[in-house]
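Last residue of the sequence shown: number 263 in UniProt numbering, and the count goes up by one each step with no gaps. Note that the Cβ used here is the ideal one computed from N, Cα and C, for glycine as well. Bear in mind the structure is a predicted one, so any value in this text is a computation, not a measurement.
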Amino acid sequence: MKIATWNINGAKARLDGLVAWLKESNPDIACLQEIKSVDDAFPRREIEALGYHVETHGQKGFNGVALLSKLRPDEVNRGLPGDDMDEQARFIEGVFSVKGGAIRVCCLYLPNGNPVDSEKYSYKLSWMQRLATFAEQRLRLEEPFILAGDYNVIPEAHDCWDVKVWQNDALFLPETRAAFRRLRNLGFTDAVRATSDEVPLYSFWDYQAGCWPKNFGIRIDHLMMSPEAADKLVSTSIEKHVRSWEKPSDHVPVAGEFAFDPA
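This is the structure in structure tokens:
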């Protein structure tokens, strides 16, 4: 079973590329971030025509997440628990039946947090704390559980092209990386780093300053796995070639192959 995450940067604007990628990559479950669409306006018809079930948690103009799956989910939950006043659409969770049980897949779009001297950074840190609280509770279920998405976190210095450029950015500040480590230390494994120590490995290249052709990238899109999911991991891939397609997102898909069989 192939599970992938991709910040699409506008589902309607990138629809042709999304459809082409679904046909080529053929993920069983795809987690999309920044769909930038309300639920009713999401281009589900074109995706359902490829055999996918579509679940969205949308928002007009920005944010928004979606789960595309060949399996119909048994359960879908929208919104990260812990703050009833948070209206930003950044989280959706699906539970899917597989042989021998179920897998739980969450698609998340963690706040950027810039500028760091604004309320946006405190929102980022509080969101990460809520995520850790939620994840700790889910881990008690002792089932395969994957937190997939755009974390807007550069975990280590080798995950960015130049530390000096990023050292004062919300994605790389010590407080940000410490919060990410706290999440990881609950018992999660970074799928990409579990299968490769290659550097550099990036998943995002800014549209500005020729970052893509110069390979000035960062790795901020992650598949974090519970122990039960990590035991089933076979391989990972960063589908870098998608960044060279026409009208690309500034992110590329990150995928894991798992030894799960559909029920």
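Under DSSP, the beta strand (DSSP E) around residue i begins and ends at which residues?
| i | result |
| --- | --- |
| Leu-147 | 145-150 |
| Glu-75 | 75-78 |
| Trp-6 | 2-7 |
| Gln-59 | No beta strand (DSSP E) contains Gln-59, which DSSP labels as neither H nor E. |
| Ala-30 | 29-33 |
| Val-65 | 65-69 |
Tell me the rounded alpha-carbon separation between residue i and residue j.
| i | j | result |
| --- | --- | --- |
| Arg-72 | Asn-168 | 43 Å |
| Lys-36 | Asp-16 | 16 Å |
| Phe-188 | Phe-180 | 10 Å |
| Ser-196 | Ser-237 | 10 Å |
| Ser-244 | Val-54 | 26 Å |
| Asn-112 | Tyr-121 | 8 Å |
| Asp-231 | Glu-142 | 12 Å |
| Ala-255 | Lys-2 | 7 Å |
| Ala-89 | Asp-39 | 11 Å |
| Leu-80 | Ile-92 | 8 Å |
| Tyr-153 | Val-163 | Per the sequence shown, the amino acid found at residue 153 is Val instead of Tyr. In a straight line, the C-alpha of Val-153 is about 13 Å away from that of Val-163. |
| Asp-84 | Lys-214 | 43 Å |
| Asn-185 | Ala-49 | 40 Å |
| Gly-94 | Leu-67 | 8 Å |
| Ser-249 | Asp-150 | 13 Å |
| Trp-6 | Val-252 | 6 Å |
| Glu-156 | Ser-69 | 31 Å |
| Cys-211 | Leu-173 | 21 Å |
| Val-19 | Leu-223 | 22 Å |
| Pro-144 | Pro-200 | 29 Å |
Starting from residue i and walking both ways along the alpha helix (DSSP H), at which residues does that stretch end?
| i | result |
| --- | --- |
| residue 299 | No answer is possible for residue 299: it lies beyond the span of the chain, which begins at 1 and ends at 263. |
| Ala-229 | 227-230 |
| Ala-20 | 15-25 |
| Pro-213 | 211-214 |
So, is residue i buried or exposed, given that buried needs 16 or more other C-beta atoms within 10 angstroms?
| i | result |
| --- | --- |
| Phe-204 | buried |
| Tyr-207 | exposed |
| Ala-148 | buried |
| Gln-137 | exposed |
| Gly-58 | buried |
| Gly-61 | exposed |
| Glu-198 | exposed |
| Arg-140 | exposed |
| Val-234 | exposed |
I want to check one thing, is the minimum distance from the CB of residue i to the heavy atoms of the ligand HEM below 7 Å?
| i | result |
| --- | --- |
| Lys-36 | No copy of the ligand HEM occurs in the structure displayed, which carries no ligand at all. |
Q | Inside the region 115-196 only - beta strand (DSSP E) runs reaching at least 3 residues | A | 145-150
Q) Can you give, in chain order, each stretch of the beta strand (DSSP E) that sits fully within the region 84-118 and has at least 3 residues? A) 91-98, 101-109
(Q) Using a Cβ distance threshold of 8 Å, determine whether the region 103-111 contacts the region 36-51, with at least three qualifying pairs required. (A) no
Q) Can at least three beta-carbon pairs, one atom from the region 126-135 and one from the region 60-78, be found at a separation below 8 Å? A) no
Q: Go through the region 219-258 residue by residue and report every complete run of the alpha helix (DSSP H) that reaches 4 residues or more, in order.
A: 227-230
Q: Spell out a yes or no on whether the region 17-37 and the region 157-175 are touching, meaning 3 or more CB-CB pairs, one atom from each, closer than 8 Å.
A: no
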